[in-house]
Amino acid sequence: MGSELSSSPAREPVEVLDESGAVVGVVTRGQMRAANLPHRNVVVALRRSDGRWVVHRRADWKDVNPGLWDVAFGGVPAPGESDTDAAVRELAEEAGVAVDADRLVEVARLRHADDRTRWSGPVYVVVDDGPVVPADGEVAEVAEVAAGELTAWAAGHPLCPDARTTVLPVLVALDGSGPP
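The working numbering puts the sequence shown at residues 1 to 180.
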């Protein structure tokens with residue numbers, strides 16, 4: 001039981017940020033969530049070579065945005081972990097897709113703030129045609145959206161607030177599918 005507690009997501013260390021985006025300390029994920037502290041985050045949008053975007057529905061047990069759809073994979077880097085290493089790790093954990101860091105293309109650096117979460121970090125796009133096999137249970141369902149259809153797809157799905165207001169506009173601009 002002790003090992004289960006120590007590996008609990010609520011006990012994972014998270015770097016918190018000041019208003020300029022500089023790391024100012026480390027707290028547990030549980031403390032970060034409870035106080036809605038600003039933290040580092042990485043976002044990885046997965047695209048097929050024919051332009052389709054891979055989207056997913058978050059597991060119902062997630063502490064933030066359970067059961068909602070997202071347009072990208074990602075998560076919180078470990079203290080001291082580089083953004084690219086975190087992006088590679090998160091894509092492998094959540095989607096079962098292994099890529100080398102040099103395949104990630106940074107398309108934006110974003111900040112998001114709402115009453116549930118506040119984060120800053122890069123948005124990467126990676127093109128990969130391999131299978132998506134969610135590995136860690138954080139992803140409940142996977143779908144693919146045709147190039148040019150992200151806006152229409154998003155209009156018909158319950159989307160994570162940060163995905164809708166922060167990440168989706170970046171992907172739509174890359175995709176040319178119109179305003180979100």
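Just so it is clear, CB atoms sit at the ideal spot from N, CA and C, and this is done for glycine as well. Please read these numbers as outputs of a predicted model, since none were measured by experiment.
- Unbroken alpha helix (DSSP H) runs of no fewer than 4 residues, entirely contained in the region 61 to 89, are not found.
- Ala-45: member of the beta strand (DSSP E) spanning 42 to 47, first to last residue.
- Between Arg-118 and Leu-37, the CB-CB gap stays under 8 Å.
- In the displayed model, Ala-35 falls within a helix according to three-state DSSP.
- Note: Gly-25 is bridge-paired with Val-16 in the DSSP secondary-structure output.
- DSSP, read as helix, strand or coil, puts Gly-30 in helix.
- Here DSSP, grouped into helix, strand and coil, assigns Pro-134 to coil.
- Annotated as proximal: Trp-53 and Leu-150, with beta-carbon spacing under 8 Å.
- Nearest to Glu-19 by C-alpha distance, out of Asp-102, His-112, Val-27, is His-112.
- Membership of Pro-169 in the alpha helix (DSSP H) is indicated by the continuous run 168 to 175.
- In the three-state reduction of the DSSP assignment, Glu-94 falls in the helix class.
- The Cβ atoms of Asp-128 and Val-99 sit closer than 8 Å to each other.
- In the DSSP annotation of this structure, the continuous segment of the beta strand (DSSP E) that includes Leu-110 starts and ends at 105 to 113.
- In the assembly as shown, Trp-153 is a buried residue. Its beta-carbon has 16 or more other beta-carbons within 10 Å.
- Taking one beta carbon from each stretch, the region 46 to 60 and the region 127 to 144 have 3 or more pairs nearer than 8 Å; the two touch.
- The C-alpha of Thr-84 is placed about 8 Å away from the C-alpha of Leu-104.
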